[in-house]
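Protein sequences appear in the order of chains C and G.
Going by numbering that gives the first Met the number 0, the residue at position 139 of the first sequence is 138; the numbering climbs one at a time, nothing skipped.
Going by numbering that gives the first Met the number 0, the residue at position 543 of the second sequence is 542; the numbering climbs one at a time, nothing skipped.
For each residue, glycine too, the CB sits at the ideal point set by N, CA and C.
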Amino acid sequence: MSVYYLLQDIDKCIGCRTCEMQCKINKGISPEPRLCKVVGIGPKWVDKLPRASYVFMNCFHCENPLCVAVCPTGAMQKREKDGIVFIEKNRCIGCKLCLHVCPWGAPQWNPETGKVIKCDLCKDRIDVGLLPDCVDACPMGCLSFGSIDGMSEIIRIQYNMHLSVGEKIGPVSCG
Amino acid sequence: MRKEVYSICLMCSMRCPIKVIVENDQVSRIEGNPHAAGIEGRLCAKGAAAIGLLDDVERLQYPMIRTGPRGSNNWRKASWPEALEYVSQKLKSIIAKEGARSIVFGERWNLSTHISRTFMNAIGSPNHFTHDTLCKGSMNTACRSLFGYIDEQIFMDFSNVRHMVIYGRNIFEALDMRASKQLIDAMARGTKLTYIDPRVTVTATKANRYWMIRPGTDLAVNYAMIHIILKEDLYDHVYTERWVSGLKELKEFVGPYTPEWAEKISGIPAGEIIDLAREMSRDKPKVVFNFGFRATNYTDEVYFRRSIMILNALMGSMETPGGLFFKKDPYEVGGQPPQELNNQKFPKINPLRFDRVGTPDFPLPDPRTGVAQMLPRAILDSNPYPIKAAIFYRFDPICSIMDSKQTIKALEKLDLIVSIDINHSDIAGFSDVILPESIFLERTDSVFRVDGLIPQMFLRRQAVTPRYDTKPGPIILKELAQKMGVGHWFPYETMEELVDWQLSGTGFSIADFDEKGFVAYTDKPIFWERENGLKFKTPSGKIEFISSMFENAGLESFPEYHPLPLPPDGYLRLICGRSFFHCNVATQNNRYLNDVLPENVLWINQKTAHRLGIHDGDRVIVSSSKGDGKIKAFVTDMIHPETVFMLHGFGHQNPLARRSYKKGVSDAFIQDNATDRVGGSQALHSTFVKIKPV
């Protein structure tokens with residue numbers, strides 16, 4: 000795993016896909032690749048209320064990334080200092096092996112270049128102290144980003160918010 | 000060279016403050032304005048996709064004059080002087096023959112609407128109109144009747160509200176960047192949301208209570224809630240005694256409208272209606288009955304919108320934290336608002352408009368907006384007089400006014416159609432002359448006056464040079480006015496000069512916008528004192544349940560409730576709405592937005608679909624007495640069984656906008672041109688349709 004964590008507050012996400020849009024536009028790529036995407040599940044009826052889940056998916060930046068292991072040219076790499084998995088464009092030959100092995104569909108095909116492109120957590124931005132584009136743009140403010148320690152603090156606060164508010168609706172169904 | 004430009008987005012109508020980062024005259028990034036309260040750097044998918052518009056080869060690039068038959072898309076490229084000369088010669092000869100009033104000017108309301116009005120005043124025609132009645136006209140009328148203010152002068156406190164009731168305003172899809180975020184944050188802190196809509200939207204999936212109401216019956220539910228609130232004494236006595244007139248009459252009126260009665264009409268159980276009324280009362284005054292955004296559904300729209308505001312008044316939630324507020328203007332702190340060019344002293348014009356607004360035939364709609372959907376019949380019937388020419392500015396009557404076939408038939412009768420636009424819109428394709436406007440990233444605009452608890456001004460500023468041979472609208476209109484011999488009403492050469500003139504007298508200069516993109520008249524929020532300081536602009540100075548505006552026009556404040564007709568056997572009611580990804584009819588051809596949502600589908604209840612032999616994903620024909628179209632069915636149990644739904648704005652007919660050409664179906668081709676004859680809104684949900692498999 001990278002030393003970062005990208006956390007989604009699923010109660011606040013509305014599935015507007017601004018994260019996806021701002022990401023690809025700022026990377027200057029064509030519309031088709033979705034380096035991150037919010038997958039909407041539902042709606043379905045749960046206790047007479049319509050419920051849906053909007054799940055943010057980018058790349059998990061795995062500890063042992065399958066995409067890096069299968070890449071024949073060494074284009075897919077894990078950054079030593081923080082574990083970000085990224086692709087070096089010039090070395091990609093477009094063999095698509097990474098697309099096949101990733102269980103979460105993170106690597107994307109870029110039809111403009113005939114190569115693979117993927118989420119690199121906007122490493123150029125975080126290197127200068129900025130947030131990844133998806134986090135920065137989110138209209139509902141439902142994404143947070145930081146070091147893994149900081150994130151557990153956010154989760155604890157959110158959990159306690161739910162308890163103290165009391166009247167909140169139960170967990171949404173992913174069915 | 001890198002620079003940051005504070006500006007205002009125009010990918011939809013919300014006018015969010017943005018920061019544009021420009022490197023070597025190329026937009027490298029658009030962010031929400033980090034200094035603007037409630038925005039703090041965020042933007043939406045449409046705003047992000049503006050970069051796709053900037054370098055798009057499929058937008059209007061230079062003036063064009065038609066060479067083939069109308070709508071055939073045979074054009075020749077023209078220079079600006081040639082195109083403007085062509086238009087002015089035509090207009091002058093029409094004015095000489097038929098008078099200036101035979102010219103109409105229709106636009107999507109925008110920051111430079113004062114320039115359009117100046118143009119029409121200068122040539123002497125009363126026939127300027129905006130899109131407002133296609134959007135929310137009856138809401139405007141309803142608010143004026145109760146408070147003396149229009150809806151735009153009222154806002155809701157989404158941050159501090161404890162319980163909000165929303166009727167079909169899909170706030171978590173058709174985003175209002177500030178309000179949507181404030182509401183979702185408030186809900187995380189325990190605010191309750193009741194959402195009422197015949198269709199399960201994203202907003203419904205977030206709500207604490209959801210009612211799948213029979214479409215068109217919200218008014219009955221509101222009357223029943225008012226009935227319970229008055230019967231069980233659930234209202235704010237102090238507030239209503241001080242500020243409301245007509246409570247007694249209201250009480251008499253709602254006597255027969257019990258929750259049991261409303262249940263029969265709406266399908267909402269009486270017990271739940273009573274529960275909601277009691278819950279709202281418990282949390283008052285920090286409650287809001289959300290008065291909506293689009294208010295163009297039914298022919299009794301104005302009475303429905305009045306009922307919402309009456310509920311707010313009964314809760315005492317007008318002008319209180321967690322409720323609703325009146326927006327404060329600069330005069331409250333001794334300031335001057337920006338000047339508008341149409342306040343010059345023009346020669347008098349006979350006020351009889353094409354839509355008859357302001358006459359006893361149509362007394363209540365706002366004459367500053369007019370009633371757009373009256374245009375096709377006015378042209379076809381030459382009533383009240385012949386209309387010969389139309390200028391459409393960023394407004395597409397073919398896609399926006401219902402019954403497109405009738406609209407096209409009317410347009411065919413005109414001697415001249417001019418479009419000022421950025422897109423190969425349907426109306427641009429049907430015009431005689433196209434005058435292309437620069438997009439918002441390429442032009443400075445008139446000052447955006449923003450009244451509120453803190454009155455402010457924002458500015459849209461040019462970030463990059465125009466990519467094509469285009470100009471800002473106010474420059475196009477000034478140059479056209481010069482050719483018409485009335486250029487002296489337009490005392491500016493550049494947009495910056497226009498802004499300077501607008502700001503003179505405000506105490507601010509254009510440079511004051513450099514730092515944050517906006518200026519504020521004060522740093523302290525302005526509240527009116529609830530006991531004696533509310534400044535209602537009605538004749539009585541109170542909230543008029545019995546409206547003098549209505550009564551003086553010979554209209555009832557509380558006409559007996561008549562349920563809207565139900566769909567006959569074999570028919571379904573067509574309703575429409577908006578999504579995250581598109582703004583009405585203007586963005587379907589954007590390459591990024593088209594990629595995520597290229598076409599609309601028809602939502603149909605699974606029981607209804609089963610009866611009709613329709614499966615999910617089938618192509619079906621949706622038809623009304625006005626038109627038909629082929630569209631993909633989305634079969635679901637998330638919509639009322641008597642209803643079908645489609646997104647507005649698809650099914651474009653201009654082949655030069657290749658990505659959106661004939662993708663999906665245009666609701667306007669199917670809907671009947673129906674109107675709330677009191678409030679002025681078009682009534683989009685008045686059409687019954689048949690659905691059959693292809």
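Touching or not, the stretch 652–659 of chain G and the stretch 336–352 of chain G, by the rule of three or more beta carbon pairs under 8 angstroms? no
Since P562/G contacts I264/G with CB under 8 angstroms, what's their CB separation in whole angstroms? Residue 562/G sits at position 563 when you count from the first residue of the second sequence. Residue 264/G sits at position 265 when you count from the first residue of the second sequence. Going by Cβ atoms, the distance from P562/G to I264/G rounds to 5 angstroms, so yes, they are a contact pair.
At 7 angstroms on the CB atoms, spell out the chain C contacts of V600/G, in chain order. Within the second sequence, the letter at position 601 stands for residue 600/G. Neighbours of V600/G on chain C: none; closest Cβ ~15 angstroms, over 7 angstroms.
Just the chain G side, please: which residues come within less than 9 angstroms of L48/C by C-beta, in chain order? Here the question's residue 48/C lines up with position 49 in the first sequence. Per Cβ cutoff of 9 angstroms: A203, T204, A206, N207, R208, Y209.
Run through chain G and tell me which residues come within less than 9 angstroms of P32/C, C-beta to C-beta. As a working note, residue 32/C is residue 33 in the first sequence. Ordered by position in chain G, no residue passes the 9 angstroms Cβ test against P32/C, which lies about 10 angstroms from the chain.
Residues in the same chain with beta-carbon distance under 6 angstroms from D365/G, minus the five sequence neighbours each way, listed in chain order, please. On the second sequence, residue 365/G is found 366 positions in, with the first residue counted as 1. The residues are N139.
Taking the C-alpha atoms as reference points, what is the distance between G165/C and N159/C? Taking the first residue of the first sequence as position 1, residue 165/C is located at position 166. Taking the first residue of the first sequence as position 1, residue 159/C is located at position 160. Only weak support exists for where G165/C lies, its pLDDT of 47 falling under 50; the value from the coordinates is given anyway. G165/C and N159/C: Cα-Cα distance of roughly 10 angstroms.
Residues of its chain near P558/G, where Cβ-Cβ distance is below 8 angstroms and the 5 sequence neighbours each way are ignored: Here the question's residue 558/G lines up with position 559 in the second sequence. Excluding residues within five positions, the ones whose Cβ falls inside 8 angstroms are Y302.
Report the rounded CA-to-CA distance for V171/C versus F579/G, giving the unit in angstroms. Taking the first sequence and counting its residues from 1, one reaches residue 171/C at position 172. Taking the second sequence and counting its residues from 1, one reaches residue 579/G at position 580. Confidence in V171/C is poor, its pLDDT being 37 and thus under 50, which makes the residue's placement unreliable; the coordinate value appears in the next sentence. In a straight line, the C-alpha of V171/C is about 21 angstroms away from that of F579/G.
Quick one: what does DSSP say K230/G is sitting in, helix, strand or coil? Position 231 of the second sequence, counted from the first residue, corresponds to residue 230/G. The answer is helix: DSSP assigns K230/G an H, G or I state.
Rounded to the nearest angstrom, how far is the Cβ of A121/G from that of A389/G, given a contact under 8 angstroms? As a first step, residue 121/G is located in the second sequence; it is residue number 122 there, counting from the start. As a first step, residue 389/G is located in the second sequence; it is residue number 390 there, counting from the start. Not a contact, Cβ separation roughly 17 angstroms.
Run the CB neighbour count on Q461/G, radius 10 Å, all protein chains shown included, and call it buried at 16 or more, exposed below. Taking the first residue of the second sequence as 1, we reach residue 461/G at position 462. Looking at its Cβ environment, which holds 16 or more other Cβ atoms inside 10 Å, Q461/G is buried.
Leaving out five residues on either side along the sequence, give the residues of the same chain with a beta carbon under 7 angstroms from the beta carbon of T694/G. Beyond the ends of chain G as shown, which are 0 and 693, falls residue 694/G; an answer cannot be given.
Is the Cβ of G140/C closer than 9 angstroms to any Cβ of chain G? Position 141 of the first sequence holds residue 140/C. Interface residue, yes.
In chain order, what residues of the same chain lie with their CB nearer than 7 angstroms to the CB of Y660/G, ignoring the 5 residues before and after it? Position 661 of the second sequence holds residue 660/G. Hits under 7 angstroms: H651, N653, P654.
Proximity of H162/G and V26/G at Cβ, strictly below 9 angstroms: The residue given as residue 162/G occupies position 163 in the second sequence. The residue given as residue 26/G occupies position 27 in the second sequence. Not a contact, by the Cβ cut-off of 9 angstroms.
So what does DSSP say about R610/G, is it helix, strand or coil? Indexing the second sequence from 1 puts residue 610/G at position 611. In this structure, R610/G counts as helix in the three-state DSSP scheme.
Considering just the uninterrupted stretch of the beta strand (DSSP E) at T635/G, what are its terminal residues? Numbered from 1 along the second sequence, position 636 holds the residue referred to as residue 635/G. 627–635 is the extent of the beta strand (DSSP E) around T635/G.
Strictly below 8 angstroms CB to CB, what residues from chain G border R16/C? In the first sequence, the residue the question calls residue 16/C occupies position 17. The contacting residues are A44, F579, F580, V595.
Residues near M211/G in its chain [Cβ-Cβ closer than 7 angstroms; skip 5 each side]: Within the second sequence, the letter at position 212 stands for residue 211/G. Closer than 7 angstroms at the Cβ level, and outside the excluded window around M211/G, lie P197, H639.
CA-CA distance, M63/G and Y85/G? To locate residue 63/G, count along the second sequence from 1; it is residue 64. To locate residue 85/G, count along the second sequence from 1; it is residue 86. Taking the straight line from one Cα to the other gives about 11 angstroms.
Identify the contact partners of K180/G in chain C, using a Cβ-Cβ distance below 8 angstroms as the criterion. Walking along the second sequence from the start, residue 180/G turns up at place 181. What K180/G touches in chain C: P138, M139, G140.
Contact list for the stretch 152–176 of chain G against chain C, Cβ threshold 9 angstroms: F171, E172, L174, M176
Residue-chain proximity (Y591/G, chain C), Cβ-Cβ < 9 angstroms: Here residue 591/G refers to the residue found at position 592 of the second sequence. So yes, Y591/G belongs to the interface.
Check whether the Cβ atoms of I20/G and R28/G sit closer than 9 angstroms, and answer yes or no. Within the second sequence, residue 20/G is the residue found at index 21, counting from 1. Within the second sequence, residue 28/G is the residue found at index 29, counting from 1. Their beta carbons are under 9 angstroms apart, which means I20/G touches R28/G by this criterion.
Taking H113/G as part of the alpha helix (DSSP H), name the residues at either end of that continuous run. In the second sequence, residue 113/G corresponds to position 114, counting from 1. 112–122 is the extent of the alpha helix (DSSP H) around H113/G.
Grab the span of the alpha helix (DSSP H) containing P694/G for me, first residue to last. In the structure as shown, chain G starts at 0 and stops at 693, and residue 694/G therefore has no counterpart that could be examined.
contact_flag[the stretch 512–519 of chain G, the stretch 324–344 of chain G] where n(CB pairs < 8 angstroms) is 3 or more: no
Are the Cβ atoms of V619/G and K691/G separated by less than 9 angstroms? Start at 1 with the first residue of the second sequence, and residue 619/G comes out as number 620. Start at 1 with the first residue of the second sequence, and residue 691/G comes out as number 692. Yes.
Quick check on the DSSP output: the beta strand (DSSP E) that includes C575/G runs from which residue to which? Your numbering for residue 575/G matches position 576 in the second sequence. Looking at the DSSP string, the run of the beta strand (DSSP E) that includes C575/G is 571–576.
Would you mind reading off the limits of the alpha helix (DSSP H) that contains N139/G? Taking the second sequence and counting its residues from 1, one reaches residue 139/G at position 140. 136–146 is the extent of the alpha helix (DSSP H) around N139/G.
Taking 8 angstroms as the limit between beta carbons, can you name the residues of its chain near I83/C, skipping five residues before and five after? Residue mapping note: residue 83/C aligns to position 84 of the first sequence, counting from 1. Excluding residues within five positions, the ones whose Cβ falls inside 8 angstroms are S1, Y3, H60, K77, D119, L120, K122.
Nearest-angstrom beta carbon gap, F290/G and I307/G [assumed within contact, 8 angstroms]: Working through the second sequence from its first residue, we reach residue 307/G at position 308. Working through the second sequence from its first residue, we reach residue 290/G at position 291. Indeed they touch by this definition, with Cβ atoms about 5 angstroms apart.
Starting from E436/G, follow its DSSP beta bridges and name the residues at the other end. Position 437 of the second sequence, counting from 1, holds the residue named residue 436/G. K470/G, per the DSSP bridge assignment.
Per DSSP, what kind of secondary structure is I542/G in: helix, strand or coil? One-based indexing of the second sequence puts residue 542/G at position 543. It is a strand residue.
Under a CB-based cut-off of 9 angstroms, is E262/G close to chain C? On the second sequence, position 263 is the one that residue 262/G refers to. It does not: the Cβ of E262/G has no partner Cβ on chain C nearer than 9 angstroms.
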